[in-house]
Amino acid sequence: MTVRLIGSDPDGIRICHVEGESLTTVVVPRELLSEAKRLPDIPKRGIYYLLDEDHGVIGRVYAGQTTQGLARLDSHKSRKEFWNKAVMFLDDESNMDRDVLDALEADAIGYVRTHGSYETDNLETPQPYVSPYKEQTVKRLHKSILFRMAVLGYVCIR
0 MTVRLIGSDP
10 DGIRICHVEG
20 ESLTTVVVPR
30 ELLSEAKRLP
40 DIPKRGIYYL
50 LDEDHGVIGR
60 VYAGQTTQGL
70 ARLDSHKSRK
80 EFWNKAVMFL
90 DDESNMDRDV
100 LDALEADAIG
110 YVRTHGSYET
120 DNLETPQPYV
130 SPYKEQTVKR
140 LHKSILFRMA
150 VLGYVCIR
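Structure follows, in structure tokens:
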């Protein structure tokens, strides 16, 4: 995995890519959201985790989806006070259509609710329909997301 440190700060904004995958991972500290929104060429569709995180230890988490990219975090910044870091997994519409996006969000919420030793702000786990032709895509993407979270040091989500 290649990690780009924006501003050369390991605790700042990070953009991550895995060779051969189109998925882009963006780690955004809450206080750097306005700077992150100015980054060029960041895809808009994907799922994200809002974390109450302290040196890799997660106390609380919320999982969601977006078709607005980093701009989606604006409403969470004003409505959800608990988070200090967002980790987003973004791609374009051709690789992550609405069915895949809904299924990934459901997988993320379900995983957080069953594997986490922390509070979650997700009250329900959605049950979207997933075409049998897209099941492997969803599984592959979810596995990649869990791998990336582990590499980034968020061991409570893997």
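For the sequence shown, numbering that gives the first Met the number 0 gives the first residue as 0, with consecutive numbering after it. The beta-carbon is built from N, C-alpha and C at its ideal position, and this holds for glycine as well. Quick caveat, the model's predicted, so the values are computed rather than measured.
How big is the Cα-Cα spacing for residue i and residue j?
i: residue 96; j: residue 106; result: 15 Å
i: residue 15; j: residue 87; result: 10 Å
i: residue 49; j: residue 136; result: 24 Å
i: residue 13; j: residue 130; result: 33 Å
i: residue 59; j: residue 18; result: 31 Å
i: residue 11; j: residue 118; result: 24 Å
i: residue 128; j: residue 102; result: 8 Å
i: residue 69; j: residue 35; result: 7 Å
i: residue 57; j: residue 133; result: 31 Å
i: residue 45; j: residue 122; result: 20 Å
i: residue 9; j: residue 113; result: 30 Å
i: residue 80; j: residue 39; result: 27 Å
i: residue 99; j: residue 91; result: 12 Å
i: residue 150; j: residue 37; result: 25 Å
i: residue 20; j: residue 148; result: 15 Å
i: residue 73; j: residue 30; result: 11 Å
i: residue 126; j: residue 143; result: 21 Å
Look up residue i in the DSSP assignment and give the residues it is bridged to.
i: residue 66; result: Answer by DSSP bridge pairing: none, since residue 66 is not bridged.
Have a look at the options and flag the residue whose alpha-carbon is nearest the alpha-carbon of residue i.
i: residue 66; options: 93, 3, 51, 77; result: 93
i: residue 110; options: 85, 141, 81; result: 141
i: residue 55; options: 76, 26, 72, 79; result: 26
i: residue 115; options: 83, 138, 51, 76; result: 51
i: residue 78; options: 1, 143, 120; result: 120
Between residue i and residue j, which are expected to be in contact by the criterion C-beta below 8 Å, what is the C-beta distance as a whole number of angstroms?
i: residue 4; j: residue 41; result: Actually they do not touch by this definition, with Cβ atoms about 15 Å apart.
Item to check | Completely contained beta strand (DSSP E) runs for the region 69-143, where each covers 3 or more residues | outcome: 84-90
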